[in-house]
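Structure first, then comments.
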Amino acid sequence: MSYFLGVDMGTSSIKATLLNDRGEILLTERLPVELICPGEGMYEVDAVKTWWNGFVAICRKIQSRADLSSVRAVCVSSVCGSFVPVDADFNPLYNAILYGIDTRALKQIAFLNEKCGPDYLREHVGGVFNTHSIIPKILWLKEHCPEVYDQCRYFVASNNFVTARLTGEARWDYPTAAGARLVDFPTMGTLEEVLAGNGLHPEKIPSFDWPLATLGEVTRAAAEETGLSVGTAVVVGACDINSEAMAIGAINPGDLVVVYGSTISTLLTVDRFLTLSGFNPGVSVLEGSYRLGAASSAGARSVAWVDEIVGKDYRLDPEEGPTGIIMLPYIDGARTPFHNPHASGVFFGLRRTNQKSDLYRAAREALGFEVAATVDKLSSVYPVPKTIKAMGGMANDHALMQIISNVTGMSQQVYQGIDASYGAALFAMGSELPLSEINDLPGVRKFRQPSATFTPDEAIHGLYQPLSEKYQRLYASLLELF
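Residue numbers (our numbering): 120 to 601.
See the structure below:
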């Protein structure tokens, strides 16, 4: 029996899925992740302690339950837009800097956007730099930690930090690099003009490759540390939302994926290169396909923040109408489509009759308003399907999913029991099988069946529609105050 291993390095946990050659899940494992916050708006991870040692630990946990020597290929996915500077031996020189929640490089973002200009950036990288972009953070490192920059051989993506230590090969995957504003779309190469023009070295950015390509093989040193066999194939992979799309087979033009995690991530696969202000355009999993991506400020982080204040012991009834309260969930600043780190959280429409339970529900209604606003903007440039393919931890809350469908007026197919690590395992399987054969495997067909479907209550949706419109106007009315 051949096995295929997928590991996902998430914001809050490391997850692993082991598949057999029928695409069936043999086992899963999970380990917690520890974030480091060295300053206001700064989010980091100790790349060795958390990512590499976590990968090793999860391999050893799997080894206690299954034969790792039967693993034919491995793939790692992880948080998009996160990176770490390493030396020639892939030893970190600084903590890994995380994605758009890290806002340390605001000065550098403003500088680069003004210097390059919106027209140039739209043509070459799909839009202006934002807190999810990596080049401004590299410039921040060069300015604040010049010794780190000088000693750095590569800036590697979070998933490639692990796969580089497995194989000795550094390479970004196209979807992650494009989402982080590293790919020059006219050439599909590194954004050399911007890098070199600002005193940065293009050769410090590894080359790009497609998610299903084979990066290399597990070295003897890595095999001794992880328990994997020497020569095990290592696949390039992609960041988490692309792996989640792969998990449910939603990688074709017209597929709309929403992942309800720490933040809400949205991925619309399209058949041509498109740009949309405030969104991350780029390439998708398959060569010749493209995507428009969004990373919201709403999600488990904003909901948990409210729950800490008002409590958690409230019943969520999806058959109730709207609270009338609009929450802007910008407690960490606004992300897609505004990309305004100065924005803040707002409750609008409070009345003396409101109770804590109303704020609890309003925090969840805000997720629906955010998805509705995202879909509304996407539909201005490309036909959006009426059904969302939903994943993520919060998608397990059926009452919440029904409320979001009521708010948005969209159906949702929820997929449970699989996550980005399952998609990564399917990428690993791609080292031996064409995608068409993978899709037909009995285990894959089984796990790609939605566990639940939610359709909107049209009467309740009608009550939410004017509130959705107010939600989209509220930010603009407060922009000057922010």
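Heads up, the beta-carbon is just placed ideally off N, CA and C, and yes, glycines get one too.
Bear in mind the structure is a predicted one, so any value in this text is a computation, not a measurement.
Reducing DSSP to helix, strand and coil, say where residue i ends up.
i: Gly235; result: According to the sequence shown, residue 235 is Cys rather than Gly. Looking at Cys235 - three-state DSSP - the assignment turns out to be helix.
i: Ala166; result: helix
i: Lys323; result: helix
i: Pro372; result: coil
i: Arg434; result: coil
i: Leu552; result: coil
i: Glu148; result: strand
i: Val198; result: coil
i: Cys358; result: strand
i: Gly219; result: coil
i: Thr309; result: strand
i: Asp208; result: coil
i: Ser476; result: helix
i: Trp259; result: helix
i: Ser396; result: coil
i: Met510; result: strand
i: Asp559; result: coil
i: Asp186; result: coil
So residue i is in the beta strand (DSSP E); what residue range does that whole segment cover?
i: Tyr449; result: No beta strand (DSSP E) holds Tyr449; DSSP gives it neither H nor E.
i: Ser530; result: 530-533
i: Met128; result: 122-128
i: Val500; result: First-last for Val500: undefined, no H or E at that position.
i: Phe274; result: 273-276
i: Ala352; result: 352-354
i: Val349; result: First-last for Val349: undefined, no H or E at that position.
i: Ala622; result: No information on residue 622 is available, as it lies outside the stretch 120 to 601 that the chain covers here.
i: Phe248; result: Careful: Phe248 lies outside any beta strand (DSSP E) and carries neither H nor E.
i: Phe466; result: 465-467
If contacts are defined as beta-carbon pairs under 8 Å, then residue i and residue j qualify, I think. What distance do you get, rounded to the angstrom?
i: Leu478; j: Val425; result: 6 Å
i: Ser196; j: Ser384; result: Actually they are not in contact, since the Cβ atoms of Ser196 and Ser384 sit about 13 Å apart, beyond 8 Å.
i: Val412; j: Gly401; result: Just to set this straight, residue 412 is Gly in the shown sequence, not Val. Contact flag correct, Cβ pair sits at about 7 Å.
i: Asp359; j: Asp127; result: 6 Å
Which residue or residues does DSSP assign as beta-bridge partners of residue i?
i: Asp140; result: DSSP output for Asp140 lists no bridge partner at all.
i: Arg410; result: Thr388, Gly401
i: Tyr213; result: Its beta-bridge partners do not exist; DSSP assigns none.
i: Asp538; result: In DSSP, Asp538 forms no bridge with anything.
i: Val193; result: Leu124, Val353
i: Tyr379; result: Ile383
i: Ala135; result: Val126, Glu148
i: Ile155; result: Glu163
i: Asn459; result: Ala453
Can you give me the start and stop residues for the alpha helix (DSSP H) that residue i sits inside?
i: Glu336; result: Note, Glu336: premise wrong, no alpha helix (DSSP H); beta strand (DSSP E) at 333-336.
i: Val429; result: 419-429
i: Pro204; result: Where Pro204 is concerned, there is no enclosing alpha helix (DSSP H), although the beta strand (DSSP E) it sits in stretches over 202-205.
i: Val526; result: 517-527
i: Phe174; result: 172-182
i: Ile579; result: 577-597
i: Gln270; result: 265-270
i: Ala297; result: 293-298
Please find out if some non-hydrogen atom of the ligand NAP comes closer than 6 Å to the beta-carbon of residue i.
i: Cys264; result: Among the components modelled here there is no ligand, and therefore nothing to report on the ligand NAP.
From the beta carbon of residue i, is the nearest beta carbon of chain C less than 7 Å away?
i: Asn399; result: The structure shown has no chain C; it contains just one protein chain.
Self-check item: Segment contact flag, the region 463-477 with the region 380-393, C-beta cutoff 8 Å, min 3 pairs
Solution: no
Practice problem: Spell out a yes or no on whether the region 541-552 and the region 488-498 are touching, meaning 3 or more CB-CB pairs, one atom from each, closer than 8 Å. | Solution: no
Quiz item: Are the region 161-169 and the region 135-146 touching, with three or more C-beta to C-beta distances below 8 Å?
Solution: With a cut-off of 8 Å on Cβ pairs, the region 161-169 is not in contact with the region 135-146, counting fewer than three such pairs.
Quiz item: Are the region 262-280 and the region 319-329 touching, with three or more C-beta to C-beta distances below 8 Å?
Solution: yes
Self-check item: Any 3 or more C-beta pairs closer than 8 Å across the region 524-535 and the region 569-589
Solution: Short answer: they touch.
Practice problem: Inspect the CB distances between the region 438-454 and the region 358-374 and report whether three or more fall short of 8 Å. | Solution: At 8 Å Cβ cutoff, the stretches do not touch.
Quiz item: How about the region 215-233 and the region 252-262: do they share at least three Cβ pairs that are nearer than 8 Å?
Solution: yes
Quiz item: Would you call the region 242-256 and the region 328-335 touching, i.e. three or more CB-CB distances under 8 Å?
Solution: no
Quiz prompt | Any 3 or more C-beta pairs closer than 8 Å across the region 541-548 and the region 576-583 | solution = no
Quiz prompt | Segment contact, 8 Å Cβ cut-off, at least three pairs: the region 120-134 with the region 519-527 | solution = no
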